[in-house]
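For the first sequence, this note's numbering gives the first residue as 2, with consecutive numbering after it.
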Amino acid sequence: MANQEDQFKKVLSHAKEYGYVFQSSEIYDGLSAVYDYAQNGAELKKNIREYWWKAMVQMNDNIVGIDSAIFMHPTVWKASGHVDAFNDPLIDNKDSKKRYRADVLVEDYAAKIEAKIDKEVAKAEKRFGDAFDKAQFLATNPRVLENQEKIDTALKRLGKSLENEDLVDVRNLIDELDIVCPISGSKNWTDVKQFNLMFGTKIGASADSAMDLYLRPETAQGIFVNFLNVQKTGRMKIPFGIAQVGKAFRNEIVARQFIFRQREFEQMEMQFFIQPGTQQEWYEKWKENRIKWHLSLGMGAENYRFHDHEKLAHYADAAADIEFKFPFGFKELEGIHSRTDFDLSQHEKFSGKKLQYFDNDLQKSYVPYVVETSIGLDRMFLAVFSNSLVDEALENGTTRTVLKLPSVLAPTKAAILPLVKKDGLPELANEIVEDLKWDFSVAYDEKDAVGRRYRRQDANGTPFCITVDHQSLEDKTVTIRHRDSMEQERVAISDLKAIIAKDVDMKQWLMKM
RNA sequence: GCGAAAGUAGCUCAGGGGUAGAGCAUCACCUUGCCAAGGUGAGGGUCGAGGGUUCGAAUCCCUUUUUUCGCUCCA
């Protein structure tokens, strides 16, 4: 455990020291759980985004990409269920310092009484044997009726209070039902507070004409509301997908673990529209397709696993996570959800517009089902970055810090180093830089001993170092050093482009899928 | 949000009531080298922020903020 923490600490300081991630507004003490991507981080993030986009949009002729706005009509979030689902009434017990969802406390109370009824039924069943009529027993036994009455009134009142946002009454209800904290056993409760996971803002300059808006808590709805527009203008035939990469915002109560859980984050999502009844098949297909994408990066199959959801969200009929082994353990990296026709049906209901597809094969219209793949770009960044950072023991007894990024994602593909900064070596090195930069992001470094420069590039994840020496002036060859093996080979300058391309070209990597 | 620990230079950290140190990193010059740590010199910090105690606070006290961990919640 201590090792895990140490490794995570290394990840944090390496990310800062090498210009990958900074805390937002650092000179003002920072802003909690908000981070900026620095010069190298922005490149790495861009490369991950591109790798995903190519795999999802460019390589699938039935998937198109869009870029919808962060602001959406407020009713979108009523239809999607976020206004309800993202509003949790929470209450703390002052003695145990535990926090609970107030509605869950009341529901647990109801469940307890329910258990009492079951006990009563079981007892009676034993007593009466075959002659036992359960329905009649439930309808007539006074103790059962009394308990059922208790449950009904409690839940009814809870529902009503929540609907009216009457949190004081929820608190009173908890008092009146004598609900105690499961840990401390005390009734020393705080007031019930409402936590809204969505960020609110306003559109319109003057107060009276302003309209309440939310910053989107997920990008998916931008796809659903555009479903028909895209389907019609793109002449898309089911099955087809719409993909999108964009920022989403959640006002997390607890946002932690570096960039793993941020308040502002970037999602890479694809909604795949299918014929109702085929969702199981597509769900399995996308699970398989997505894990292949991850594995193509070569970060080790043992670092991934599937986690099937038992408790499903309000919109899903099947859901699984792809979990990755982060420095703090296996955590969700990507979600694959079978969302049924929940979203489109809800938008039909709330907008009054038909969101259906006419299927020529079936000769009928229907609301398509949806299978979603949704990956956090920031999480993917953290997965790649933390997995790549290693301290490697060398044969000569020293250690080197290497960022073994998949070369396709590395922010800098090659560093060009003159062995010494005289005798015309810098000039030739610069010529190579000028040539290569049309195709790759490259760096030039002439400071310090060349060995040290190699190590510097290792720590930054640069896959290739190209060294210009005196021989280069004579026969137009250079040495090219590989980051992971530290091996060098002498090659013609004219071959450099092909050699680098072979290793960093996205095509080579995507073909591994 | 509750609890715990921490915040001193870009990074890692030492110091601990008398106005800041080390190693590495950075910059300049020398050394001209193929796997970090050669020489000389330089820059960089109001010790997270605010307030209090004191003749004097980085050091003691209070508040606050940020980070990590546990609980909780979640993508």
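Where is the CB? At the ideal position from N, CA and C, for every residue including glycine. The structure presented is a predicted model; accordingly, all values stated were derived computationally and were not measured.
query	result
Runs of beta strand (DSSP E) wholly within the segment 268–337 (minimum 3 residues, chain order)	305–309 and 319–327
Span of the beta strand (DSSP E) around VAL246	241–250
DSSP state of ILE254 mapped onto helix, strand, coil	coil
Boundaries of the alpha helix (DSSP H) in which LEU356 is found, first to last residue	Run containing LEU356: none; DSSP gives neither H nor E here.
Sub-8 Å separation of TRP283 and ILE275 beta-carbons	yes
Buried/exposed call for TYR19, threshold 16 Cβ in 10 Å	buried
Contact the segment 378–391 vs the segment 349–363: 3+ CB pairs below 8 Å	no
Residue environment, PRO328, which counts as buried when at least 16 other CB atoms sit within 10 Å	buried
Coarse secondary structure for LYS561, derived from DSSP in three states	Past the edges of the chain, shown from 2 to 514, lies residue 561, and the structure says nothing about it.
Nearest residue (CA-CA) to TRP78, options GLN222, ILE467 and LYS161	GLN222
Environment of ALA3 [buried if 16+ CB atoms lie within 10 Å]	The predicted model places ALA3 with a pLDDT of 49, which falls under 50 and marks its position as unreliable, so this point remains unresolved.
Neighbourhood of PRO218 by C-beta distance below 7 Å, restricted to the same chain and skipping five residues each side	HIS83, PHE87, LEU198, MET199, ALA249, PHE250 and ARG251
Residues bridged to HIS83 [DSSP beta-bridge criterion]	Partner(s): none; HIS83 has no beta bridge.
N- and C-terminal bounds of the beta strand (DSSP E) containing GLN24	22–24
Beta-carbon gap between ILE323 and LEU334 smaller than 8 Å	yes
THR478 and ILE467 closer than 8 Å at C-beta	no
Whole-angstrom C-beta distance between PRO369 and ASP344, which should lie under 8 Å	About 10 Å; that fails the 8 Å criterion.
Residue burial classification, ILE28 (beta-carbon count within 10 angstroms, cutoff 16)	exposed
Reduced DSSP secondary structure (H/G/I, E/B, other) of TRP190	strand
Euclidean distance between Cα positions of GLU126 and GLY160	33 Å
GLY538 in three-state terms, based on DSSP	Outside the displayed range of the chain (2 to 514) lies residue 538, so it cannot be described from this structure.
Residues bridged to PRO263 [DSSP beta-bridge criterion]	In the sequence on display, residue 263 carries Gln and not Pro. Looking at the DSSP assignment, GLN263 forms no beta bridge with any residue, so it has no partner.
Cβ-based burial, ARG380 [other Cβ within 10 Å; buried from 16]	buried
ARG102 versus SER162: straight-line alpha-carbon distance, rounded	14 Å
Member of ASN142, ALA116, GLN263 and ARG172 whose CA lies at the smallest distance from the CA of GLN24	GLN263
Proximal residues to LYS498 (C-beta, below 7 Å), its chain only, five neighbours per side dropped	LEU437 and ASP440
Option in VAL145, ASP109 and PRO427 with minimal Cα separation from LYS124	VAL145
GLU150 versus ASN142: straight-line alpha-carbon distance, rounded	12 Å
Touch test, the segment 454–463 against the segment 404–423, Cβ-Cβ under 8 Å, three pairs minimum	yes
Spatial distance of GLY301 from ALA56 (CA atoms)	19 Å
Cβ pair count under 8 Å reaching 3, the segment 415–434 against the segment 444–453	yes
As assigned by DSSP and simplified to three states, the class of LEU511	helix
Residue from SER352, GLY452, LYS365 and TYR36 whose Cα sits closest to the Cα of ALA256	TYR36
Proximity of HIS348 and PHE225 at Cβ, strictly below 8 Å	yes
CA nearest to the CA of ALA80, picked from GLY31, GLY299, LYS350 and ASN41	LYS350
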